[in-house]
Amino acid sequence: MGKSLSYDIAAILILSLLMISCIVRKLTSGSSNRLFLTFIALNWIATLFDIWAAVLDNANSASHFALQLAHSGYLFVHNMSVPVYVLFVISLTDTWHKVRKNIFVQLLMWVPLLTVSLAILTNPFTKKVFLVDGGYQHGEWFFLIFLSVAIYILFVIAYTIWYRELLEFTKFCAVMSYIPIGVVAMLVQMQVPSARVEMFGAAISILIINFGAQRPEEIVDSDTQFMKYSAYAAHMKRNYRNKKNVDVVMLNLGKFSEINALMGYDFAMQVLDDVVDRIRHANMISGGKADLYYLDRGRFRMVFNEKDRELAVETAEALVASLMEKRDFNDLDLTLQPIVVLARCPEEIKDFKMLMTFGMDFHEKVKFEPRVMHVNEVFHKGLFEIQGNIDEIIEEALEFNRFQVYYQPIYSIEKQKFVSAEALLRLFDPTYGFISPEILVTAAERSGAIHRIGDYVLEEVCRFIAEGEFHALGLEYIEVNLSVTQCMRINLADKILGIMAKHRVSAEYINLEITETAASHTQEVMAENLQKLNRAGISLSLDDYGTGYSNIKRVIQLPLKIIKLDKTFVDEQDNPKMRVVLKNTVAMLKDMNMEIVVEGIETQEMLDFFAELQCDFIQGYFFSKPVPKPEFVSFIKSYE
Ligand code: C2E
Ligand code: MG
Ligand code: MG
Numbered sequence: 163m164g165k166s167l168s169y170d171i172a173a174i175l176i177l178s179l180l181m182i183s184c185i186v187r188k189l190t191s192g193s194s195n196r197l198f199l200t201f202i203a204l205n206w207i208a209t210l211f212d213i214w215a216a217v218l219d220n221a222n223s224a225s226h227f228a229l230q231l232a233h234s235g236y237l238f239v240h241n242m243s244v245p246v247y248v249l250f251v252i253s254l255t256d257t258w259h260k261v262r263k264n265i266f267v268q269l270l271m272w273v274p275l276l277t278v279s280l281a282i283l284t285n286p287f288t289k290k291v292f293l294v295d296g297g298y299q300h301g302e303w304f305f306l307i308f309l310s311v312a313i314y315i316l317f318v319i320a321y322t323i324w325y326r327e328l329l330e331f332t333k334f335c336a337v338m339s340y341i342p343i344g345v346v347a348m349l350v351q352m353q354v355p356s357a358r359v360e361m362f363g364a365a366i367s368i369l370i371i372n373f374g375a376q377r378p379e380e381i382v383d384s385d386t387q388f389m390k391y392s393a394y395a396a397h398m399k400r401n402y403r404n405k406k407n408v409d410v411v412m413l414n415l416g417k418f419s420e421i422n423a424l425m426g427y428d429f430a431m432q433v434l435d436d437v438v439d440r441i442r443h444a445n446m447i448s449g450g451k452a453d454l455y456y457l458d459r460g461r462f463r464m465v466f467n468e469k470d471r472e473l474a475v476e477t478a479e480a481l482v483a484s485l486m487e488k489r490d491f492n493d494l495d496l497t498l499q500p501i502v503v504l505a506r507c508p509e510e511i512k513d514f515k516m517l518m519t520f521g522m523d524f525h526e527k528v529k530f531e532p533r534v535m536h537v538n539e540v541f542h543k544g545l546f547e548i549q550g551n552i553d554e555i556i557e558e559a560l561e562f563n564r565f566q567v568y569y570q571p572i573y574s575i576e577k578q579k580f581v582s583a584e585a586l587l588r589l590f591d592p593t594y595g596f597i598s599p600e601i602l603v604t605a606a607e608r609s610g611a612i613h614r615i616g617d618y619v620l621e622e623v624c625r626f627i628a629e630g631e632f633h634a635l636g637l638e639y640i641e642v643n644l645s646v647t648q649c650m651r652i653n654l655a656d657k658i659l660g661i662m663a664k665h666r667v668s669a670e671y672i673n674l675e676i677t678e679t680a681a682s683h684t685q686e687v688m689a690e691n692l693q694k695l696n697r698a699g700i701s702l703s704l705d706d707y708g709t710g711y712s713n714i715k716r717v718i719q720l721p722l723k724i725i726k727l728d729k730t731f732v733d734e735q736d737n738p739k740m741r742v743v744l745k746n747t748v749a750m751l752k753d754m755n756m757e758i759v760v761e762g763i764e765t766q767e768m769l770d771f772f773a774e775l776q777c778d779f780i781q782g783y784f785f786s787k788p789v790p791k792p793e794f795v796s797f798i799k800s801y802e
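Positions 163 to 802 (my numbering) are the ones given, in order, by the sequence shown.
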């Protein structure tokens, strides 16, 4: 019976389309893409040999040499494709670095391949693998091919089970489909040799792997053709978990959001394209070793393996040089303020969460300099370490009562005495020493611990007010800081009122200070909370007025009683123009019936200036630094 070619032809068509689609979809860089493409190519070549062999077998008159070549070619290439499949599966789990030096794995990869290859190559002399004289027949060594395939398959099964956490379920199913389909196709072909379904089976399972494991739309950003944030997160998470050392070149374009907002989408895309070209070029001159990612909003990453460490340094430097070249977009001279940071992970950035948090906004925290920066320069050392351990630091601080509330007196110019104080958080950690509240609050806002800390501060303040000494000192209220994240808490008002009720502290004794930071998508919840607190009789202050975030609109919209002029604003009072600004600001706020606290007063001269402007309250080192409660009490007593 002649051999049918239809399955093989179908396989060739499927494999050709798959190869073209991988190339068109740019699935050509990165080890797993390259191995997948190699796997398809080997199957494609094997199918061609199979077709040739079938044609020769059908012809009956073919030369011995041609028959040997066609069958050997088929078996040789097909046999080679199996270890490539194994490598592909390993690369999907990204654990290659773990097995690379493992002698057992090395033997397992090479011995079956080499043994079978040798057997096939020597077949013309030994005639042990197959015979072609008088029709194609398996020889006594043919079992070696089955044995080798069985070894590889058992290895893949064991490997994927061992590293099952590193493969998503759909990918796992997709890559595993190769095995049952392959086995069934092989069995069918053994029973019905004329059917030639083996390569068709392989093509079908490659198709399944393509859909299940190689989905570029999931990982490739359509604007840049770099991999997306989710892919970066997944890959870096895996690197940390596998303890794989990588060097990450991080590029954040400091001005990208501004350009986008100011110049519009099309223009921003033009800028993006230019940067993408430069990154590609920088990567190309270093041999294309990096995996490229675009995390959105002007943030790029190039990830190098540890062995390419020197290339990472060179590429980062080349990238800075390239980005600093003068170029104009529509005749505009643009400064992108590209900040390039080289980070060794995990040596310099200890864990995955820290990497992701750090990477978000380092460009907002440093002064731009046109050179490759080091992690330590860019990331506040204290914040960096504390951020990594913040959960434990805060848990322990709460457990061992390490938090303290300090009080800084506030002086009333009209009454010529201290009428209130600001409560300020303090933490002396046994490992990190004094942690400034700014660092602490920022870190706690990110970790979510800010709410518990906020509750603690308010409890302490309420306890102080409830003690009675507070009234004896002639104090009227205490100012307590609320951060933006606290204001976002849905039930904030109830929580605060609950704590006050618990200590029987009435609303008039608490004043809440709110600070605005740049992002303000919190408006609604915040406004609701503040209205509710205000209705309950708690007065509100706007902190840090004059720093840019606390703007006029907020002064008008929020139910504020007090405005606190920020120290940075106050510090410039010897500048004549600033004096005009301060004078008019104070007059304007007074016209709105606001009370004014001036913060950061350090000298008599400053005090006199603001007293003359008829500000209401003064707070600053001139009177006292923030101090623990007992010292604060004695300080006020000493002034009576
Ligand atoms: P803030 O609310 O504007 O607090 C005033 C800051 O200015 C305090 O810094 C205070 O020590 C400092 N200061 C006061 N007078 C002077 C002066 O004359 N000269 C100088 N150089 N500094 C002065 P501190 O205590 O380091 O607090 C920093 C920020 O941390 C606070 O700014 C506030 O935003 C935040 N913070 C502090 N405690 C808490 C808290 O319990 N909860 C929340 N959410 N934030 C807090
Ligand atoms: Mg404050
Ligand atoms: Mg302030």
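Ideal placement from N, C-alpha and C gives every residue a C-beta, glycine not left out.
These numbers were taken from a predicted model, which means no experiment stands behind them.
- Relative to Arg-716, the option among Ala-689, Lys-165, Phe-211 whose CA is nearest is Ala-689.
- For Thr-332, the closest alpha carbon among the candidates Ala-357, Ile-370, Gly-344, Ile-341 is that of Ile-370.
- The three-state reading of DSSP puts Ser-193 in helix, counting H, G and I together.
- Within the DSSP secondary-structure output, Leu-727 pairs in a beta bridge with Tyr-707, Val-760.
- The segment 601-616 makes no contact with the segment 766-780: fewer than 3 CB pairs, one atom from each, lie closer than 8 Å.
- Under the criterion of beta carbons closer than 8 Å, Val-408 and Glu-468 qualify as touching, at roughly 6 Å.
- Proximity to ligand 2 was defined by a C-beta distance below 6 Å to any of its heavy atoms, and the residues meeting it, in sequence along the chain, are Glu-584, Asn-643, Glu-675, Asp-705.
- The beta carbon of Tyr-169 sits closer than 8 Å to those of Ala-357, Arg-358, Val-359, Met-361, Phe-362, all from its chain and outside the five residues before and after it, given in chain order.
- The criterion of a C-beta distance shorter than 8 Å is satisfied by Leu-504 and Ala-474.
- At least one heavy atom of ligand 1 is found less than 7 Å from the C-beta of Tyr-783.
- The C-beta distance from Glu-764 to Phe-784 rounds to 5 Å, short enough to meet the 8 Å contact threshold.
- With a contact defined as Cβ atoms closer than 8 Å, Gln-648 and Gly-699 miss out at about 19 Å.
- With a cutoff of 7 Å, Val-619 counts as near ligand 1, since its C-beta is closer than that to a heavy atom of the ligand.
- DSSP places Gln-570 outside any alpha helix (DSSP H); the residue lies instead in the beta strand (DSSP E), whose first and last residues are 565-574.
- Residues Ser-367, Ile-370, Ile-371, Gly-374 of the same chain have their beta carbon placed closer than 8 Å to that of Ser-339, with the five preceding and five following residues left out of the count.
- With fewer than 16 other Cβ atoms inside 10 Å of its own Cβ, Ile-714 counts as exposed.
- Here Asn-643 carries a strand assignment [DSSP, helix/strand/coil].
- Taken through DSSP and simplified to helix, strand or coil, Asp-170 comes out as helix.
- Within the model, the alpha-carbon separation for Val-278 versus Leu-204 is close to 16 Å.
- Excluding its 5 nearest sequence neighbours in each direction, His-525 has C-beta neighbours in its own chain below 6 Å: Asn-414, Gly-416, Ile-501, listed in chain order.
- Placement of the Cβ of Glu-600 at a distance of 7 Å or more from every heavy atom of ligand 3 is found.
- Under the 10 Å beta carbon count, Ile-202 is surrounded by 16 or more other beta carbons and is classified as buried.
- The beta-bridge partner set that DSSP reports for Ala-585 consists of Tyr-569, Val-642.
- If the five residues before and after Tyr-456 are omitted, its C-beta is found closer than 6 Å to the C-beta atoms of Asp-383, Thr-386, Phe-388, Phe-462, all from its own chain and listed in chain order.
- Taken in chain order, the complete alpha helix (DSSP H) segments of 4 residues or longer contained in the segment 493-556 are 514-527, 537-540.
- Annotation note: the segment 228-269 contains the following uninterrupted alpha helix (DSSP H) runs of length 4 or greater, listed N- to C-terminal: 258-261.
- Contact between the segment 280-292 and the segment 212-222 is not established, with fewer than three Cβ pairs separated by less than 8 Å.
- A contact between stretches requires three or more CB pairs, one per stretch, nearer than 8 Å, and the segment 289-302 fails this requirement with the segment 246-262.
- Contact between Ala-365 and Ala-173 holds, since their C-beta atoms are separated by about 4 Å, short of 8 Å.
- Where Arg-326 is concerned, there is no enclosing alpha helix (DSSP H), because DSSP gives it neither an H nor an E.
- Apart from the 5 residues on each side of it in sequence, Arg-400 sits with its Cβ closer than 7 Å to the Cβ of Asp-256, Leu-328 in its chain, given in chain order.
- Per the C-alpha coordinates, the member of Thr-200, Lys-791, Trp-324 positioned closest to Tyr-569 is Lys-791.
- Following the DSSP letters along the chain, one finds Gln-353 inside the alpha helix (DSSP H) bounded by residues 340-353.
- Within the segment 601-663, the complete beta strand (DSSP E) segments at least 3 residues long are 639-644, listed from N- to C-terminus.
- Counting the other CB atoms within 10 Å of its CB gives Thr-322 a total of 16 or more, which places it among the buried residues.
- Following the DSSP letters along the chain, one finds Gln-781 inside the beta strand (DSSP E) bounded by residues 779-781.
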